[in-house]
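Asks: Right, I'll just put the structure down here and ask away after.
There are 2 protein chains.
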Amino acid sequence: MPHRSWKYLSSREIADFRVLRIRQDRYLFQPTQKEADFVVCDSTDWVMVIPVTIDRQVVLVRQYRHGVREVLLEIPGGLLEPGELPEQGAVRELREETGYECQSIRVLSRLLPNPSTNNATLYIAVAEGCRTMGVQTLDALEQIEVVLRPLAEIPAMIASGELCHAQVIAAFTLAGYACKSLLLE
Amino acid sequence: MPHRSWKYLSSREIADFRVLRIRQDRYLFQPTQKEADFVVCDSTDWVMVIPVTIDRQVVLVRQYRHGVREVLLEIPGGLLEPGELPEQGAVRELREETGYECQSIRVLSRLLPNPSTNNATLYIAVAEGCRTMGVQTLDALEQIEVVLRPLAEIPAMIASGELCHAQVIAAFTLAGYACKSLLLE
Chain A
1 MPHRSWKYLS SREIADFRVL RIRQDRYLFQ PTQKEADFVV CDSTDWVMVI PVTIDRQVVL
61 VRQYRHGVRE VLLEIPGGLL EPGELPEQGA VRELREETGY ECQSIRVLSR LLPNPSTNNA
121 TLYIAVAEGC RTMGVQTLDA LEQIEVVLRP LAEIPAMIAS GELCHAQVIA AFTLAGYACK
181 SLLLE
Chain B
1001 MPHRSWKYLS SREIADFRVL RIRQDRYLFQ PTQKEADFVV CDSTDWVMVI PVTIDRQVVL
1061 VRQYRHGVRE VLLEIPGGLL EPGELPEQGA VRELREETGY ECQSIRVLSR LLPNPSTNNA
1121 TLYIAVAEGC RTMGVQTLDA LEQIEVVLRP LAEIPAMIAS GELCHAQVIA AFTLAGYACK
1181 SLLLE
């Protein structure tokens, strides 16, 4: 739906990477009739999954993140493949990154990870009844450590900064409101 | 600290916008001795602030977001200016975007908004005792509506998707763990 103040005019591609295309969008700001450019990171949508085992452990992943040049503890996730539904992507990423399979998968409402400069939608999925099949399927440039932690410890891990990825924290919060069994104390 | 698998080699700037610089970082992945490039959005750090009035209303902002081309309900925030501390940026953004001042400001632990491709740190601040001074100070291209909502309604707004900005949701969660008075039910 057009916005009454911001009239979209045109786009100009700046760079095209595999996971990210950078462009500038030109707008007319109608209150002052001024034109302005805004940089947009045009990204494929991605999914993150909260995998919970029958004994209420969360299956986390620890990996190097090239944006911040740090090793982070997160939940599994990744970019959706062309034509893939969020629940399919969640099951695939869970299997590839951790070697776990789930008995049920449920996609919650959408989130926006960085809406001022990124157009991506982030889907949050909850995978319950998870159990290990024992084998990760990693890309040639992936190196992922699987870490099991009790669901009950998640709030303390957020409070201490051990979990500091904003999307991961939002995922746990959303899951708690959507699934009573996942509500954090 | 160097990572045992990922040896950073070099960077190449792709594009420089005011708020965002795009570069490619080259790494040597030591387990296979393969080199690979990773795109990084090099962004100034930013701060988001949860402003609460004496009668437990949250001061929210509604504005057009050019990344997703939608009007979103969020908390105030913005990029830190050079040399500015997060608490200073929080007070400034609160004043500029909403016309509110606060009696106390407290910065919580850092979050990472999008660590796989963005190097930014997101600081979360809690501003208490907020009251309106009545006048926003907006940039020529800003148009921001101030919206007051009871703190007690935030969980329902997250569950319904009315608040869908992952960083905003993470901010409320972190604030609830850090400040008992802000814990969401």
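In the order they appear, the protein sequences are chains A and B. Counted the way my numbering counts, the first sequence spans residues 1 to 185. Counted the way my numbering counts, the second sequence spans residues 1001 to 1185. Virtual Cβ for every residue (Gly too), placed ideally from N, Cα, C.
1) Grouping DSSP H, G and I as helix and E and B as strand, with all else coil, what is Leu223 (chain A)?
2) Which residues in chain B sit within 7 Å of Asp45 (chain A), going by Cβ to Cβ distance?
3) Helix, strand or coil: which one does DSSP assign to Leu1138 (chain B)?
4) Check whether chain A comes within 8 Å of Phe1167 (chain B), counting only Cβ atoms and requiring the distance to be less than that.
5) Report the neighbours of Pro31 (chain A) on chain B: residues whose CB is nearer than 9 Å to its CB, in chain order.
6) Could you give the C-beta distance for Gln63 (chain A) and Ala1166 (chain B), rounded to a whole number, given that I count them as a contact under 8 Å?
7) Tell me which same chain residues have a C-beta within less than 8 Å of the C-beta of Gln136 (chain A), skipping the five on either side of it?
8) Using the Cα positions of Ala140 (chain A) and Arg23 (chain A), report the straight-line distance between them to the nearest angstrom.
9) Applying the criterion that 16 or more other CB atoms from any shown protein chain within 10 Å of the CB defines a buried residue, is Ile1169 (chain B) buried or exposed?
10) Is the CB of Thr1173 (chain B) under 8 Å away from at least one CB in chain A?
11) By the 10 Å Cβ neighbour count, where 16 or more other Cβ atoms means buried, how is Glu2 (chain A) classified, buried or exposed?
12) For chain B, find out if any of its Cβ atoms is closer than 8 Å to the Cβ of Leu112 (chain A); answer yes or no.
13) In its own chain, which residues sit with a C-beta less than 7 Å from the C-beta of Pro1115 (chain B), not counting the 5 before and 5 after it?
14) Taking 6 Å as the limit between beta carbons, can you name the residues of its chain near Ala1090 (chain B), skipping five residues before and five after?
15) Determine the direct distance from the alpha carbon of Leu1111 (chain B) to that of Leu151 (chain A), and round the result to whole angstroms.
16) Could you tell me which whole beta strand (DSSP E) segments of length 3 or greater appear in the segment 1075-1160 of chain B?
17) Kindly indicate if chain A contains any beta-carbon less than 8 Å away from that of Thr1117 (chain B).
18) Return the chain-ordered ranges of every beta strand (DSSP E) run that is complete within the segment 4-57 of chain A and spans a minimum of 3 residues.
19) Please list, in chain order, all residues of the same chain as Arg1021 (chain B) whose beta carbon is under 6 Å from its beta carbon, the five residues on each side excluded.
20) Taking Lys7 (chain A) as the query, report the chain B residues whose CB atoms sit under 7 Å from its CB, ordered along the chain.
Replies: Short version:
1) A query on residue 223 (chain A) cannot be resolved here, the shown segment of chain A reaching from 1 to 185 and no further.
2) Position 45 of the first sequence, counting from 1, holds the residue named residue 45 (chain A). Using a Cβ-Cβ cut-off of 7 Å, Asp45 (chain A) is close to nothing in chain B; its nearest Cβ partner there is about 11 Å away.
3) Here residue 1138 (chain B) refers to the residue found at position 138 when the second sequence is read from its first residue. Leu1138 (chain B) falls in the coil class under three-state DSSP.
4) Along the second sequence, read from residue 1 onward, the residue named residue 1167 (chain B) stands at position 167. The sequence as given places Gln at residue 1167 (chain B); Phe does not occur at that position. True, the Cβ-Cβ gap to chain A drops below 8 Å.
5) Here the question's residue 31 (chain A) lines up with position 31 in the first sequence. By Cβ distance, chain B contributes Gln1143.
6) In the first sequence, residue 63 (chain A) corresponds to position 63, counting from 1. In the second sequence, residue 1166 (chain B) corresponds to position 166, counting from 1. With a Cβ gap of about 19 Å, Gln63 (chain A) and Ala1166 (chain B) do not count as contacting.
7) For this step, residue 136 (chain A) is matched to residue 136 along the first sequence. Cβ within range, chain order: Glu96, Glu97, Thr98, Gly99, Ile144, Val146.
8) Counting from one through the first sequence, the residue named residue 140 (chain A) turns up at place 140. Counting from one through the first sequence, the residue named residue 23 (chain A) turns up at place 23. If I take the Cα positions, the gap works out to 29 Å.
9) Position 169 of the second sequence, counted from the start, is the residue given in the question as residue 1169 (chain B). That one is buried.
10) Taking the first residue of the second sequence as position 1, residue 1173 (chain B) is located at position 173. So, interface residue.
11) Along the first sequence, read from residue 1 onward, the residue named residue 2 (chain A) stands at position 2. Residue identity check: residue 2 (chain A) is Pro in the sequence provided, not Glu. Exposed, since its Cβ has fewer than 16 Cβ neighbours within 10 Å.
12) Your numbering for residue 112 (chain A) matches position 112 in the first sequence. It does: the Cβ of Leu112 (chain A) has a partner Cβ on chain B nearer than 8 Å.
13) The count along the second sequence starts at 1 and reaches residue 1115 (chain B) at position 115. Cβ neighbours of Pro1115 (chain B) beyond the five flanking positions: none.
14) Here residue 1090 (chain B) is taken as the residue at index 90 of the second sequence, counted from 1. Closer than 6 Å at Cβ, skipping near neighbours: Val1047, Val1049, Ile1105, Ala1125.
15) On the first sequence, position 151 is the one that residue 151 (chain A) refers to. On the second sequence, position 111 is the one that residue 1111 (chain B) refers to. Cα-Cα distance, rounded: 20 Å.
16) 1077-1079, 1104-1107, 1122-1132, 1145-1150
17) Numbered from 1 along the second sequence, position 117 holds the residue referred to as residue 1117 (chain B). True, the Cβ-Cβ gap to chain A drops below 8 Å.
18) 6-16, 20-29, 34-43, 46-53
19) Residue numbering aside, residue 1021 (chain B) sits at position 21 when the second sequence is read from its first letter. Only Asp1042 meet the Cβ criterion.
20) For this step, residue 7 (chain A) is matched to residue 7 along the first sequence. Those within 7 Å of Lys7 (chain A) in chain B number zero; the least Cβ separation is about 11 Å.
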